[in-house]
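Read the structure below first, then the notes.
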Amino acid sequence: MGLFMSLNRLTNLMGRTVLVVGGGGREHALTIGLLESPSVSEVHVAPGNAGTAEIATNHAVSAGDVDAQVALARSLNADLVVVGPEAPLVAGLSDSLRAIGIPSFGPHSAGAMLEGSKDFAKQVMLDLGIPTAGVQHLTSATDLDEAVDLWGAPWVVKRDVLAGGKGVVVTEDRDEALEFIQNSIDTDGMVLLEEFLSGEEASMLVMMDESGYVALPCSQDHKRVSEGDMGLNTGGMGAYAPAPVATESVRARAISEIVKPMHAHLSSQEIPYRGCLYVGLMIDDGAPSVVEYNVRFGDPETQVTVPLISSDLCELLLAVAEGRLADSMPTFSNNHALTVVLAAEGYPGPPVKGRPISGDLSNHDDSDGQAFIHHAGTGTINNELVSTGGRVLAATGIAASLSEARELAYQKLSEVQLEGAHFRRDIGHRAL
Ligand code: AMP
Ligand code: GLY
-18 MGLFMSLNRL TNLMGRTVLV VGGGGREHAL TIGLLESPSV SEVHVAPGNA GTAEIATNHA
42 VSAGDVDAQV ALARSLNADL VVVGPEAPLV AGLSDSLRAI GIPSFGPHSA GAMLEGSKDF
102 AKQVMLDLGI PTAGVQHLTS ATDLDEAVDL WGAPWVVKRD VLAGGKGVVV TEDRDEALEF
162 IQNSIDTDGM VLLEEFLSGE EASMLVMMDE SGYVALPCSQ DHKRVSEGDM GLNTGGMGAY
222 APAPVATESV RARAISEIVK PMHAHLSSQE IPYRGCLYVG LMIDDGAPSV VEYNVRFGDP
282 ETQVTVPLIS SDLCELLLAV AEGRLADSMP TFSNNHALTV VLAAEGYPGP PVKGRPISGD
342 LSNHDDSDGQ AFIHHAGTGT INNELVSTGG RVLAATGIAA SLSEARELAY QKLSEVQLEG
402 AHFRRDIGHR AL
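Residue numbers -18 to 413, in the working numbering, belong to the letters of the sequence shown in order.
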């Protein structure tokens, strides 16, 4: 037996140590998935939430503190770090981890610019001929009346900053568009005005490294706070997968027109992209185009996508982090998943925090399917479960059909109480 074989066997015997960076529902879903892997012995989460504390070890380290995350990974002797949010990726967490030999799932800082700068992402798409909305760069030198009249209403205005989904305004109101444009130019020096794309949105999460890529089942988020897709934008109020709007033919077009050229481009860079590329699609009459890229798993898309991976999650993430995805392609179940977010009073404005959460948060698992709670903004005070954020938790159902998954998720959510909380009753409405 060669040295490599015996080392490999030793790692398997002792089990792998994985560090998950972040503390939302996405990270809880990743932690659950990783713990199902026979090769994993320990999962650590930083900072985590009350849900990850129950099944893994939390560390009070902020996701955005790159130096502290690197020190933690080193002290744990982590075999793999899985980075949830974009900010530490943009700030170079994967670069620092790779420099000390720790495999990191998530792109290096140059790759993370695809999310860090909408202007940069747009330029890459235009250079590669990837279908996306046209764009105008507006500055103090631009004739704004002429700019807003070029395509007319509705106006899509995007600040070129990481704003947690709050830097975009889509409006039919010319004055509101002009005001947001002017304010953004005043604070940032420039702003992007995009052509409006009509159609239905879907999220395609693509795992990629220089050896290959694989698109996970497409999902659909619900970004507006209220039923019927009304009201303010949020981080996402619920999701389901697979999303039927992404038909086989839409997926095939998205792969050939969007994913393939992007993968070829990213793989030709000096440091290749290793992580999840989130492709936000607009699908109009069967034709997909790109609304945005994110350089990480979506939240809440992950909560309905990771449970559909039937092969070993740790093997998959580690393979991507080490650039050998082509040899470790995942398999998927035929199940459907749906998740409903329970948001705190006030969300998406400043949320009321610190309220007790009560009810039956236990898992349901029988022949109809599974239902469980993904924690997000939760913590404990004196052993009592309390809300700590805007999106507090989500109830997720997994079953053989989407309607059964929905029933399980809403049933589970009805068993949980949080004063002042709100949720959408129509998650999955476009598919059902
Ligand atoms: P973004 O942060 O770029 O994903 O934009 C947030 C949301 O604004 C998207 O999920 C869409 O619902 C909407 N949006 C962004 N760009 C466009 C566009 N060009 N046309 C129509 N809607 C858009
Ligand atoms: N759910 C949208 C996102 O993760 O960006």
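Here a beta-carbon is modelled for each residue, glycine too, at the ideal position from N, C-alpha and C.
Only residues of its own chain outside the window of five on either side were considered, and among them A102, Y274, V276 have a CB closer than 6 Å to the CB of L95, listed in chain order. Contact between the region 322 to 333 and the region 391 to 406 is present: three or more C-beta pairs spanning the two stretches fall below 8 Å.
Inclusion of E296 and S20 in the CB contact set at 9 Å is warranted, their separation being smaller than that value. At least one heavy atom of the ligand GLY sits closer than 8 Å to the Cβ of A220. Inclusion of W136 and V129 in the CB contact set at 9 Å is warranted, their separation being smaller than that value. DSSP places Q50 outside any beta strand (DSSP E); the residue lies instead in the alpha helix (DSSP H), whose first and last residues are 47 to 57.
As computed with DSSP, A183 is found in a beta bridge with L262. Residue pairing by DSSP leaves K204 without any beta bridge partner. Taking 9 Å as the cut-off, the Cβ atoms of F86 and R305 do not count as close. For A222, the enclosing beta strand (DSSP E) covers residues 219 to 222. E23 has T(-2) as its beta-bridge partners, per DSSP. Non-local C-beta neighbours of P225 in its own chain, meaning closer than 8 Å and more than five positions away in sequence, comprise A412, ordered along the chain.
A distance below 9 Å separates the beta carbons of V1 and V26. Per DSSP, T120 lies in no alpha helix (DSSP H) segment and is marked neither H nor E. For N164, the three-state secondary structure derived from DSSP is helix.
Using a cutoff of 8 Å, the CB of P281 counts as near the ligand GLY, since one of the ligand's heavy atoms is closer than that.
Put simply, the backbone Cα of V240 is about 40 Å away from that of V397. Taking C-alpha positions only, S77 is separated from G133 by approximately 45 Å. The shortest C-alpha to C-alpha distance from S18 to any of V71, S291, V47 is the one to S291.
CA-CA distance, E191 to G(-4), rounds to 27 Å.
A residue is called buried once 16 or more other Cβ atoms fall within 10 Å of its Cβ, and T33 is buried on that count. Distance check between A375 and each of H356, N363, Q351, D60 places H356 closest, using alpha-carbon atoms only.
The region 262 to 272 makes contact with the region 169 to 182; the number of CB pairs closer than 8 Å reaches 3 or more. Classified as exposed, A122 has fewer than 16 neighbouring CB atoms from the shown chains inside 10 Å of its CB. Going by DSSP, Q392 is part of the alpha helix (DSSP H) stretching over 383 to 395. Comparing alpha carbon positions, the residue from A390, P66, I379 closest to G216 is P66. In the displayed model, C257 falls within a strand according to three-state DSSP. Here DSSP, grouped into helix, strand and coil, assigns A134 to coil.
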